[in-house]
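One structure below.
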Amino acid sequence: MPCALCSATLGLVDFAVPPPSTPAELVCLCGDCRKLVEGTAAPDPVIAGLLRDVVWSEDAGPQVLAWRLLHRVREPWAAELLEQVWLDEDRLAWAKAGLGGAEAPVEDAPLRVIDSNGTALAEGDAVTLIKDLEVKGAGFTAKRGTLVKGIHLTEDPGLVEGRVNGMVIVLKTAFLKRA
Ligand SMILES: [Zn+2]
């Protein structure tokens, strides 16, 4: 049997897919794919392309390995593919159990919220406004240099909420500087 991921026919080993299952799910892997599966490196574009097919495999072992490896491919097509591919409940739980911290699913990655300088903003940070902002509907202008303490992150990485003149308003991160 060739390598279950890349179809290589040399240097094959039987690899027990972690975490241990009963009976052990053995997958035939070549040396390169074994290193890939055991390490944390992202698959190169060639193997990533092959995983596109393997992730649809009916065999649990290859499918689970391909599913995990595709989570390391931080590209839109991989995220899209992972949304499309269907794993039954047991198989999905098993696949997820093998995702380490470094390989956490893309959707769990924290939103990256940055100010006008590219500095990361976190919940509760203080910021200053870098330009006068007219607050629509409130009849005042938040002046450049205004300090806004305790910002609140929103679903949108481009917007945060903060209290100015006693009112909670939505602020564009492009007009903020971390204080
Ligand atoms: Zn291989």
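Okay, so the sequence shown: first residue is 94 according to my numbering, each after it adds one. Every residue, glycine too, gets a C-beta built ideally from N, C-alpha and C.
#1: My assumption, with CB atoms under 8 Å, is that Ala-272 sits in contact with Leu-240. Please give the rounded CB distance.
#2: Should Asp-125 be counted as a contact of ligand 1 given a C-beta to heavy atom distance under 7 Å?
#3: Mind listing, in chain order, the continuous beta strand (DSSP E) runs of no fewer than 3 residues lying wholly within the stretch 158–242?
#4: Could you spell out the range, first to last residue, of the alpha helix (DSSP H) harbouring Ala-141?
#5: For Cys-96, list the residues DSSP reports as bridge partners.
#6: So, are the CB atoms of Val-130 and Leu-158 less than 8 Å apart?
#7: Taking the continuous alpha helix (DSSP H) assigned at Leu-129, which residues delimit it?
#8: Taking 7 Å as the cut-off, is the CB of Ala-101 close to at least one heavy atom of ligand 1?
#9: The beta strand (DSSP E) spanning Glu-52 covers which residue range?
#10: For Ala-197, I'd like the list of residues in its chain whose CB is within less than 8 Å of its CB, leaving aside the five on either flank, ordered along the chain.
In short:
#1: 6 Å
#2: Yes, the Cβ of Asp-125 comes within 7 Å of a heavy atom of ligand 1.
#3: 220–222, 226–228, 233–235
#4: 138–147
#5: Note: Cys-96 sits in no beta bridge, so no partner.
#6: yes
#7: 124–131
#8: yes
#9: In the structure as shown, the chain starts at 94 and stops at 272, and residue 52 therefore has no counterpart that could be examined.
#10: For Ala-197, the pLDDT reaches just 46, beneath the cut-off of 50, and the residue's location in the model is therefore unreliable, leaving the point undetermined.
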